[in-house]
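Please read the structure below before turning to the comments.
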DNA sequence: TGACGGCTATCAGAGCTCTGATATAGCTTC
DNA sequence: GAAGCTATATCAGAGCTCTGATAGCCGTCA
C-alpha cells in the first residue's frame with residue numbers, strides 16, 4: 001500500500017499539526033502540552049492519584065511520573081500522602097500551578113475553538129463518529 | 143470548554159491507538175515506528191537526503207538525525223557523500239535494512255488495511271476530507 | 001494467618017521529539 | 001571576489017514516551 005493512501009498518514013498529520021499549534025499556545029505559560037493536559041485534569045479532579053492521571057491523559061504511569069516530577073520541580077503541583085491509603089499520593093495544583101494553567105488554558109481553548117468552528121454541528125458529529133470507529137477498528141482484538 | 147468535548151482529544155486518542163498497534167506490529171522486526179516510517183520512505187526514494195527524509199516523515203532534521211544514527215548503528219542503512227554536493231549525504235537501505243523493512247511492512251500494512259476496511263470508500267473519502275479541514279483550520283494563520 | 005492478586009509508585013534505560021545554536025556548501029547578487 | 005541567502009548536517013539539552021523491573025499496600029480467600 002503506497003504511503004499516500006494510508007489513512008494513518010492523515011491521522012498522524014492532523015495530530016502533528018495539533019501538537020505544534022498547541023505547543024505554541026501553551027509555551028508562553030511556561031508549559032509543555034503534556035504538562036498542560038495534566039494540569040487540565042488536575043484542575044477538574046483535585047487530589048487524584050498519579051495512576052488515575054495517567055489513565056485520563058492516556059499515558060503510562062511511568063510517563064506520568066516523569067511529567068509530575070517536572071511539574072513538582074517547578075512548584076506547579078503539590079503531592080501529599082493519602083489519608084487512608086498511605087501508598088497513594090494525592091496531587092493538587094499550587095497557586096502558581098493554577099495561574100499557569102489559566103494562562104495556558106485560555107490560549108489552548110482558543111485553538112480548540114478554532115478547530116471546532118471549522119465545522120458545523122453535523123460535521124463534528126460525523127467526524128467524531130468516524131474517529132471512534134477508527135479507534136474501535138484498531139483496538140478490537142489487536 | 144470541558145475536556146470531553148474537545149475534538150483534539152478524539153484526534154489524540156486515535157493517533158495514540160494507532161501508534162500502539164503499529165508499534166506492536168513492527169516490534170518483531172526490531173524496529174520502532176519512526177524507524178519503520180523512515181525505511182518506508184527510503185525504500186520508495188533511495189538516496190534521499192536526511193533533510194528530505196525529515197520533510198516526508200514530518201519531523202525536524204534534528205529528529206531525523208537521531209533516527210538515522212540509530213538505524214546506521216544497527217547497519218540497516220548506509221550513508222555516502224553525494225557525488226556533486228559534498229555537503230549532502232545520500233542514504234540507502236542495506237540488505238539487512240531491506241529485510242527488516244519487509245518484515246515490518248507486511249505487518250504494518252495489515253494494520254492499515256484493517257483500518258481502511260472498517261470504512262466504505264465513501265466514508266474514507268469523507269474522513270480524509272474532514273481531517274484535511276482540521277489541518278487547514280489548525281495551520282492557517284497559526 | 002498467610003498466600004495471592006491487584007493496586008499504587010518509582011527506578012532504569014532506550015528512543016523520539018522539540019528548540020536553539022553552530023558549521024559548511026552552493027547559488028545569487030553586487 | 002565578497003556578501004548574503006538558502007539548504008545541508010549535526011551538537012547540545014530538555015522533555016515525553018515507551019518497555020521492563022522492583023517494591024509497598026490492601027483486599028480477599030483458602
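Chains as they are written, first to last, in our numbering: chain S, 1 to 142; chain W, 143 to 284. Every residue gets a Cβ at the ideal spot worked out from N, C-alpha and C, and that includes glycine.
- Bridge pairing for residue 91 of chain S: S:48 and S:79 [DSSP].
- Of all residues in the stretch 250-265 of chain W, only 250, 251, 253, 254, 255, 256, 257, 258, 259, 260, 261 and 265 come within less than 9 Å of chain S when Cβ atoms are compared, listed by chain position.
- Annotated as distal: residue 75 of chain S and residue 91 of chain S, with beta-carbon spacing of 7 Å or more.
- Nearest Cα to residue 101 of chain S within the set S:16, S:135, S:38 and S:12: S:38.
- The alpha-carbon of residue 275 of chain W is positioned some 11 Å away from that of residue 123 of chain S.
- At a Cβ-Cβ threshold of 7 Å, residue 156 of chain W and residue 164 of chain W do not count as neighbours.
- In the displayed model, residue 159 of chain W falls within a helix according to three-state DSSP.
- A contact is defined here as three or more CB-CB pairs under 8 Å, and the stretch 253-263 of chain W fails this definition with respect to the stretch 199-212 of chain W.
- The beta carbon of residue 137 of chain S falls within 7 Å of a beta carbon belonging to chain W, placing the residue at that interface.
- Secondary structure at residue 74 of chain S: coil, using DSSP grouped into helix, strand and coil.
- Interface flag for residue 67 of chain S against chain W is unset, since no Cβ pair is found closer than 7 Å.
- Residue environment analysis places residue 117 of chain S among the exposed positions, since fewer than 16 neighbouring C-beta atoms fall within 10 angstroms of its C-beta.
- Contact check for residue 250 of chain W against residue 167 of chain W passes: the beta carbons are separated by less than 7 Å.
- Counting along the chain, residue 126 of chain S sits inside the alpha helix (DSSP H) bounded by residues 121-139.
- At a Cβ-Cβ threshold of 7 Å, residue 18 of chain S and residue 150 of chain W count as neighbours.
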